[in-house]
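Here the structure is laid out as structure tokens; the discussion comes afterwards.
In this note's numbering, the protein residues as written are 2 to 181.
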């Protein structure tokens, strides 16, 4: 992908309010089984969304998926909330902007465009996780759901990240647009 094409995609991202990002080779994304285990054992959302385990491919399949791409934009979001519950509506809005960007990139000729939003899918009030997805054109898994070690991947690109001990603390969140 040449620099003019990259600049065009960057302009689209900025137009959607997504301003902090870096290009990366998705084949270098760090994937680990331990990440999926954190989903299985410890996440209160496990099995509650179609975009979360156990409804996703095996970690080995996720690794193969990332290797099908040569370019990706890792998005960084920094946010702090006085009321921690406000992170959910904020995340829903940010995720929607990310999905809108994916669609625009897809329609501009990148048929393999695929977005991993920065927070779990909240498109539906009550996700029918065991049934058919009600929003299949927009529902997307997070990087963590695909086994991505977001901590190591973000640090590899020079971004800050640490474990948030309390939801009143500043959060560093990450999403990824795969482009080919």
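Ideal Cβ positions, reconstructed from N, Cα and C, are used throughout, including at glycine.
Predicted model only: the values in this text are computed from it and were never measured.
For residue 77, DSSP records a beta bridge to 175. Residue 105 is not a Cβ neighbour of residue 178, given a cutoff of 8 Å. Counting C-beta pairs with one atom in each stretch, the region 44-51 and the region 130-137 have three or more that are closer than 8 Å, which means they touch.
For the set 92, 72 and 123, the Cα lying nearest the Cα of residue 10 is the one of 72. Here the region 57-69 makes no contact with the region 84-104; the two share fewer than three CB pairs at distances below 8 Å.
A residue is called buried when at least 16 other Cβ atoms come within 10 angstroms of its Cβ; residue 108 does not meet this threshold and is exposed. For residue 116, the enclosing beta strand (DSSP E) has its first and last residue at 115-117.
Per DSSP, the unbroken alpha helix (DSSP H) holding residue 66 starts and ends at 60-68.
Annotation: the region 83-112 contains the following complete segments of the alpha helix (DSSP H) (minimum length 4 residues), in chain order: 88-108.
For residue 7, the uninterrupted alpha helix (DSSP H) segment begins and ends at 4-16. By the neighbour-count criterion, in which 16 or more other beta carbons inside 10 Å mark a residue as buried, residue 81 falls on the exposed side.
DSSP lists 180 as the beta-bridge partner residues of residue 72.
Three or more pairs of CB atoms, one per stretch, sit closer than 8 Å, so the region 34-43 contacts the region 135-146. Between the beta-carbon of residue 141 and that of residue 122 there is about 6 Å, and that keeps the pair under the 8 Å contact cut.
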